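See structure below.
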Amino acid sequence: MIEVKNLKFAYNEQDIALRDVSFDVKDGEWVSIIGHNGSGKSTIAKLLTGLIAPTEGSILYDGVELNEKNVDEIRKRIGIVFQNPDNQFVGYNVKYDIAFGLENHQVPREEMIKLINEYTELVDMKDYLEREPESLSGGQKQRVAIAGILALNCDIVILDEATSMLDPEGVEEITKLISELKSKYNKTLITITHDLNLAMKSDRIIVLRQGKKISEGLPEEIFKQRDILLSSNLDMPFSQKAFYLASKDEELLNNKELMDALWEYHFNM
Ligand SMILES: Nc1ncnc2c1ncn2[C@@H]1O[C@H](COP(=O)(O)OP(=O)(O)O)[C@@H](O)[C@H]1O
Ligand SMILES: [Mg+2]
0 MIEVKNLKFA YNEQDIALRD VSFDVKDGEW VSIIGHNGSG KSTIAKLLTG LIAPTEGSIL
60 YDGVELNEKN VDEIRKRIGI VFQNPDNQFV GYNVKYDIAF GLENHQVPRE EMIKLINEYT
120 ELVDMKDYLE REPESLSGGQ KQRVAIAGIL ALNCDIVILD EATSMLDPEG VEEITKLISE
180 LKSKYNKTLI TITHDLNLAM KSDRIIVLRQ GKKISEGLPE EIFKQRDILL SSNLDMPFSQ
240 KAFYLASKDE ELLNNKELMD ALWEYHFNM
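Residue numbers (numbering that gives the first Met the number 0): 0 to 268.
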């Protein structure tokens with residue numbers, strides 16, 4: 000279990016990124032963090048992985064506070080996938096990209112080959128072991144990044160806008176894989192995203208605005224708070240936007256049949 004308690008973080012006197020944010024993430028739970036650019040989402044990811052330390056407040060992993068002494072140990076449990084697939088690909092080809100991470104963890108060579116085969120198969124990239132990054136799509140590179148994390152046996156996976164640079168096909172591939180990380184592999188997941196279609200699939204959503212948590216709840220609860228979503232400038236799924244716009248128009252709003260149809264369409268998507 001991850002407990003985030005009264006987290007505050009200032010990059011400097013002007014740039015206060017987080018102002019008293021608290022939330023929990025249970026083992027095996029999938030939580031999405033959504034919010035406008037600059038609302039503090041990536042700062043939370045950096046704090047969770049111990050890249051920066053809180054100005055105030057604390058982060059606990061299974062009841063133990065993250066500190067300078069245990070940060071290396073705790074970091075081994077966390078895998079993070081970033082926005083830009085190209086910045087994460089360090090190997091000369093798929094095989095060496097995953098091997099690089101394993102080497103850093105002193106995994107013996109034989110074990111390494113086994114892990115590479117196992118996890119590239121899991122993300123459906125086993126036929127691409129010798130392929131260089133230039134010949135892969137963004138979605139394929141992100142799948143390799145996820146395989147690399149899984150091979151290191153991380154139980155917590157943080158994805159910071161991991162689908163935002165992908166084409167629709169890549170978004171679909173990664174969305175499916177993320178869902179499987181939870182359902183089949185029981186990973187604890189934190190997805191930071193602008194993509195409400197992805198957020199909708201998670202167990203719980205946290206909405207940030209200007210460094211504060213302004214809302215938290217089940218996806219269907221959050222999506223009912225349309226004003227919050229709109230004012231946070233998030234990309235609403237088309238059906239949600241249609242519903243929202245219709246609800247602002249008195250004539251359409253009185254058309255119960257239309258409103259029911261839009262609502263149903265949205266939640267049965
Ligand atoms: N390295 C940095 N130095 C100074 N200010 C920063 C730095 N990184 C982020 N910030 C500021 O902190 C706030 C939160 O940023 P960030 O956590 O990146 O937001 P998000 O990921 O939600 O877009 C923003 O106002 C941003 O300008
Ligand atoms: Mg960010």
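Where a beta carbon is used, it is the ideal one built from N, C-alpha and C, also for glycine. All of these numbers come straight from a predicted model, not from anything done at the bench.
Query	Result
Quick check on the DSSP output: the alpha helix (DSSP H) that includes R321 runs from which residue to which?	Because the chain here runs from 0 to 268, residue 321 falls outside it and cannot be looked at.
Tell me whether M268 sits in a helix, a strand or coil according to DSSP, three-state version.	Because M268 carries a pLDDT of 43, less than 50, the predicted location of this residue cannot be relied on, and the following value inherits that uncertainty. Reduced to three states, the DSSP call for M268 is coil.
Work out the CA separation of L121 and M268 for me, nearest whole Å.	Bear in mind that the predicted position of M268 carries a pLDDT of just 43, short of 50, making it unreliable; the figure below should be weighed with that in mind. Cα-Cα distance, rounded: 27 Å.
With DSSP run on the structure shown, which of helix, strand or coil describes I51?	coil
Report the CB separation of I97 from G147 in whole angstroms; it is logged as a contact under 8 Å.	5 Å
Using only the alpha-carbon positions, how far apart do V30 and T190 sit?	6 Å
Closest to D19 by CA distance: which of G56, F99, G49 is it?	G56
Rounded to whole angstroms, what is the Cα-Cα separation between T54 and E172?	38 Å
Within the present structure, is the beta-carbon of S41 separated from the nearest heavy atom of ligand 2 by less than 6 Å?	yes
Just to confirm before moving on: does the CB-CB distance between D159 and F81 stay below 7 Å?	yes
For the alpha helix (DSSP H) containing S182, name the first residue and the last one.	167 to 182
Could you give the DSSP three-state label for R130: helix, strand or coil?	coil
Rounding to the nearest angstrom, what Cα-Cα distance links I73 and L47 in this structure?	10 Å
Going by the beta-carbon positions, is the gap between L207 and S41 smaller than 7 Å?	no
Using the C-alpha atoms, what's the distance from N5 back to I43?	12 Å
Have a look at D202 and L17 and give me their C-alpha separation to the nearest angstrom.	23 Å
Give me the residue from I155, A150, I33 with the minimum Cα distance to Q105.	A150
Do Y60 and ligand 1 come close, with the Cβ less than 6 Å from some heavy atom?	no
Looking at the unbroken alpha helix (DSSP H) that takes in K120, where does it start and where does it end?	Reading the sequence as shown, one finds Glu at residue 120 and not Lys. Segment 108 to 121, the alpha helix (DSSP H) holding E120.
By DSSP's criteria, L17 is part of a beta bridge. Which residues make up the other side?	F8
Quick one: give me the first and last residue of the beta strand (DSSP E) that V89 is part of.	V89 -> no beta strand (DSSP E), and no H or E assigned at all.
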